[in-house]
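Trainee: Numbering (this note's numbering), first residue to last: 68 to 531.
Sending over a structure as C-alpha cells; questions will come in a sec.
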Ligand code: CTP
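Below, the structure is given as C-alpha cells:
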C-alpha cells in the first residue's frame, strides 16, 4: 500500500509551487492528500490540487463530509509536509493551535512533520519566527530551510521556498528513515508529530556534555568586497549543533555560514576568517569534552588584503597567499585527557583511501569523510553520504539527511566518551600514515574498504 502523505499548503505566494511538489510526490508513488488553509485558497484553488493529488483537496475543519476530519487525516498519515509554511502556520504549530484543518491535523498526528518555510526576508529573520522554528525543531519537527532568491513584489533575499525537488527528496528520505525504524501504530505510539519527536530516540545521551562544533566555509578577504572561500553551506555543521543540543549537550557553534540555528542550548559565535575561527574555537575548546571540526577552513589566505576595492583600471592583481592557522592540529596538540576530537574531510574521488590516510595523520578520534562528487552528498544538499573512520574501523553510511548523519556521528562520539580514554597513543605524526596513531583503523585493507564504500561485497581480510 502506498504511504500516505498529507501535503499542507498555507497562504503565501509560493503556494503555486506546492502544486509541483504534489505532482512529484504522486509521481514518486505516494498517496498524497492536500490540505489547504483558508488563506492558501486565496493563492491557488483546491481544484488545482485535486486534479494532481491522489484524492480531493480538503480545506474545512467544519462542514466536512466526514466528522472530525483532522483526527482521521492525522492518524492515518505516514508524514505531514507543509510547503510553503508561512510565519503564521509556524506560530500556530509552535503554540499548538488547532482552529483550522491543517493545524488541527498537525496536532492530531504522531507521524513526522516536515515544514518548508517561505516568507519575506524580514519575517524569516524576525526573532519571533526563528524562536518558533527553534521550538518546533526541539520537538522533532524537520525543516527544509528556505533559499535566497527572488521573492514576491520584486524583492530578493532569504525566504524563498526551497526547490520542489529538494522538498520531495527530503520527504522520501524521511519516509525511508521511518520505515527503517518502524514504530507501532497504536495510540500510545512514542512521540512524533508537531507536538512530539519523530527523531529516533537517542534520549539525552549528551546531557551535561560541553561540545564545540565548527561550521561553514571561512572567507579570506582579498579587498573589502571580495574574498577567497569554498562551497561549504554549513548545513552539516549546523545539523551537528542542532542534534547535539537536542541530545542534551551545551553547544558552542562557531560558524562562518549565514543563518545559524537559533535553538536553545546553542551558543553561536559568528566568524568570517580562519583566523577568527581559530580565536573563537581554541578558547571554547578548553572547556569542552567534544570538538567537531565540520568547518571547511580555508587552507590559504591572501597575505595582504587591499584596504580599498581593487579596480579594473589597475593592473591585474597578483595574489600572494599564505597558510591559515591549522585549527585541528592546534586542538590535537592541546587535547585534554578524555577529550574527543572529530575531523572532517571532503574529498573528490577515492574518499576512503584519502580519509584513512588523513585519519592516521591527523590524530583525531573520528574522521567523517565524504566524496563531494557523489550525487546528493556534495555541498549545499540537505542529504549527505559519509564514512566514519575511527580506531574501531570504517563504517559506511547510506545517503541520508544531514540530521541523520549528525545523529550517527554523535552515536560514535557517545561510544568514544564512554570508552573513557579515547586519546590516541601518540600525537599526530607524518610518519607511517597507514599504521601510525590508529592501527585499528586499517582493519580493512584499502581495497576492502574501497569495496565497502562502493557497496560491494567484502572478502574476509587476509591477515598474513
Ligand atoms: N582544518 C582546520 N584548519 C585548517 C584547515 C582545515 O582545522 N586551516 C580542519 C577541517 O575543519 C577538517 C580537517 O581539518 O576537520 C581536515 O581538513 P582538510 O582540508 O581535509 O585537511 P588538509 O590536511 O588541509 O587536507 P588537504 O590537503 O586534502 O586539503
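All residues carry an ideal CB built from backbone N, CA and C; glycine is no exception.
Source: prediction; values computed, not measured.
What are the uninterrupted segments assigned as beta strand (DSSP E) that are 3 or more residues long and contained completely in the stretch 121–169, given in chain order?
Mentor: 146–152
Trainee: Does the beta-carbon of residue 351, which I'm using as the reference point, lie nearer than 7 Å to any heavy atom of the ligand CTP?
Mentor: no
Trainee: Would residue 76 and residue 82 be called neighbours here (beta carbons separated by less than 8 Å)?
Mentor: Cβ atoms of residue 76 and residue 82: closer than 8 Å.
Trainee: What residues in its chain sit with their C-beta under 6 Å from that of residue 175, if we drop five residues either side in the sequence?
Mentor: 137, 138 and 141
Trainee: Could you tell me which residues DSSP puts in a beta bridge with residue 320?
Mentor: 280 and 335
Trainee: If you draw a straight line from the C-alpha of residue 479 to the C-alpha of residue 407, how long is it?
Mentor: 10 Å
Trainee: According to DSSP, which residues form a beta bridge with residue 457?
Mentor: 433 and 460
Trainee: So what's residue 172 in DSSP terms, helix, strand or just coil?
Mentor: helix
Trainee: Is residue 411 near the ligand CTP, going by C-beta to nearest heavy atom under 7 Å?
Mentor: yes
Trainee: Roughly how many whole angstroms lie between the Cα atoms of residue 167 and residue 328?
Mentor: 29 Å
Trainee: Are the CB atoms of residue 372 and residue 290 within a distance shorter than 8 Å?
Mentor: yes
Trainee: Return the first residue and the last residue of the alpha helix (DSSP H) that residue 414 is part of.
Mentor: No alpha helix (DSSP H) contains residue 414, which is instead part of the beta strand (DSSP E) from 407–414.
Trainee: Output the distance between the C-alpha atoms of residue 116 and residue 469, rounded to the nearest integer angstrom.
Mentor: 30 Å
Trainee: What first and last residue would you give for the alpha helix (DSSP H) that runs through residue 286?
Mentor: It is not in any alpha helix (DSSP H) - residue 286 carries neither H nor E in the DSSP assignment.
Trainee: Do residue 462 and residue 454 count as a contact pair if the criterion is CB distance below 8 Å?
Mentor: yes
Trainee: Out of 379, 377, 332 and 308, state which residue places its alpha-carbon closest to the alpha-carbon of residue 360.
Mentor: Residue 360 has its Cα closest to that of 308, out of 379, 377, 332 and 308.
Trainee: Along the beta strand (DSSP E) that carries residue 113, what are the first and last residues, could you check?
Mentor: Where residue 113 is concerned, there is no enclosing beta strand (DSSP E), although the alpha helix (DSSP H) it sits in stretches over 113–119.
Trainee: Quick one: any contact between the stretch 436–447 and the stretch 220–233, if contact means 3 or more CB pairs under 8 Å?
Mentor: no
Trainee: Considering only residues of the stretch 69–106, which uninterrupted beta strand (DSSP E) runs meet the minimum length of 3 residues and lie entirely inside it, listed in chain order?
Mentor: 71–76 and 98–103
Trainee: Could you give the residue range of the alpha helix (DSSP H) that holds residue 190?
Mentor: Here the alpha helix (DSSP H) through residue 190 covers 188–192.
Trainee: Is it right to say residue 112 is buried, meaning 16 or more other beta carbons lie within 10 angstroms of its own, or is it exposed?
Mentor: exposed
Trainee: Name the DSSP bridge partner or partners of residue 451?
Mentor: 467
Trainee: Tell me, to the nearest whole angstrom, how far the beta carbon of residue 347 is from that of residue 336; I am working on the premise that it is less than 8 Å.
Mentor: 5 Å
Trainee: Note the first and the last residue of the continuous beta strand (DSSP E) segment covering residue 307.
Mentor: Per DSSP, residue 307 belongs to no beta strand (DSSP E); it is in the alpha helix (DSSP H), 302–313.
Trainee: Once DSSP output is grouped into helix, strand and coil, what is the label at residue 352?
Mentor: helix
Trainee: Is it the case that the CB of residue 408 approaches a heavy atom of the ligand CTP more closely than 7 Å?
Mentor: no
Trainee: Exposed or buried, which one is residue 114 when buried takes at least 16 other CB atoms within 10 Å?
Mentor: Exposed, since its Cβ has fewer than 16 Cβ neighbours within 10 Å.
Trainee: Where do the ends of the alpha helix (DSSP H) carrying residue 228 lie?
Mentor: Element bounds for residue 228: n/a, residue is neither H nor E.
Trainee: According to DSSP, is residue 242 helix, strand or coil?
Mentor: helix
Trainee: Tell me, please, which residues DSSP counts as bridged to residue 195.
Mentor: DSSP lists no partner for residue 195.
Trainee: How is the beta strand (DSSP E) around residue 217 delimited, first residue to last?
Mentor: 214–217
Trainee: Measure the Cβ-Cβ separation of residue 364 and residue 391 and say whether it is below 8 Å.
Mentor: yes
Trainee: For residue 360, which three-state DSSP category applies?
Mentor: strand
Trainee: Please name the residue or residues paired with residue 438 in a DSSP beta bridge.
Mentor: 414
Trainee: Leaving out five residues before and five after residue 191 in sequence, what residues of the same chain have Cβ atoms less than 6 Å from its Cβ?
Mentor: The answer, listed in chain order, is 225 and 226.
Trainee: Do residue 151 and residue 216 come within 8 Å of each other at the CB atom, strictly closer than that value?
Mentor: In this structure, residue 216 keeps its C-beta atom at 8 Å or more from the C-beta atom of residue 151.
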